[in-house]
Every structure is written in C-alpha cells, then in structure tokens.
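In what follows, a structure is listed as structure tokens, so that the remarks can point back to it.
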Amino acid sequence: MSRTVIDIDDEMLVRAQRALRTTTKRDTVNAALELAAAIDAERRAQLLGSFRDLLGRLDLDVIEQDETDDHKDRAA
C-alpha cells in the first residue's frame, strides 16, 4: 500500500462515510476505490453479456456470404 497526500472535499467525505458506513478517511477512500472498481467490473460484465447476446442473434452464414460476395466483387 502506498502513502499519498491529497486534497479531499470535506462535505463529500462526510457523505461518503455515511453511505459507506466508514469512520476514518483511510477506510472511506479505500471503500470508495473498491466500490468504483466493482462498478467498473460489473459494467464490463454487463457489456460482455450484451455482446454475447448480440453474437447469439447474428446469422453468421449471411455474414460469411456477404464477405465472400465482397471479395468476388473486388476481384472482378
């Protein structure tokens, strides 16, 4: 763990402490960082799930045929 000196908005710190149920600045900042990382991971998981759903709906045969047709058109 590293030590860093930063300016923190006192009002936001109090609000974060209430929301995160922490009592020290250190615990609050660490909890907020953990929460931000979890939200980012959840967002990535949701996007990946959406992408998988989209892939499941694609007609790969039609896409392959379009690619083949495009290559034939370019060769002609």
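In the numbering used here, the protein residues as written are 21 to 96.
The beta-carbon is built from N, C-alpha and C at its ideal position, and this holds for glycine as well.
Keep in mind it's a predicted model, so treat the numbers as computed, not measured.
Residue i - DSSP class collapsed to helix/strand/coil
{"i": "residue 53", "result": "helix"}
{"i": "residue 42", "result": "coil"}
{"i": "residue 79", "result": "coil"}
Inter-residue Cα distance where the pair is residue i and residue j
{"i": "residue 72", "j": "residue 78", "result": "10 Å"}
{"i": "residue 28", "j": "residue 64", "result": "28 Å"}
{"i": "residue 53", "j": "residue 40", "result": "11 Å"}
{"i": "residue 94", "j": "residue 69", "result": "36 Å"}
{"i": "residue 33", "j": "residue 74", "result": "41 Å"}
{"i": "residue 26", "j": "residue 48", "result": "14 Å"}
Among the options, nearest to residue i - alpha-carbon criterion
{"i": "residue 46", "options": "76, 59, 24", "result": "24"}
Chain-order list of residues whose beta-carbon lies under 8 Å from that of residue i (same chain, five-residue window excluded)
{"i": "residue 55", "result": "40"}
{"i": "residue 76", "result": "none"}
6 Å Cβ shell around residue i - same chain, five flanking residues per side excluded
{"i": "residue 90", "result": "none"}
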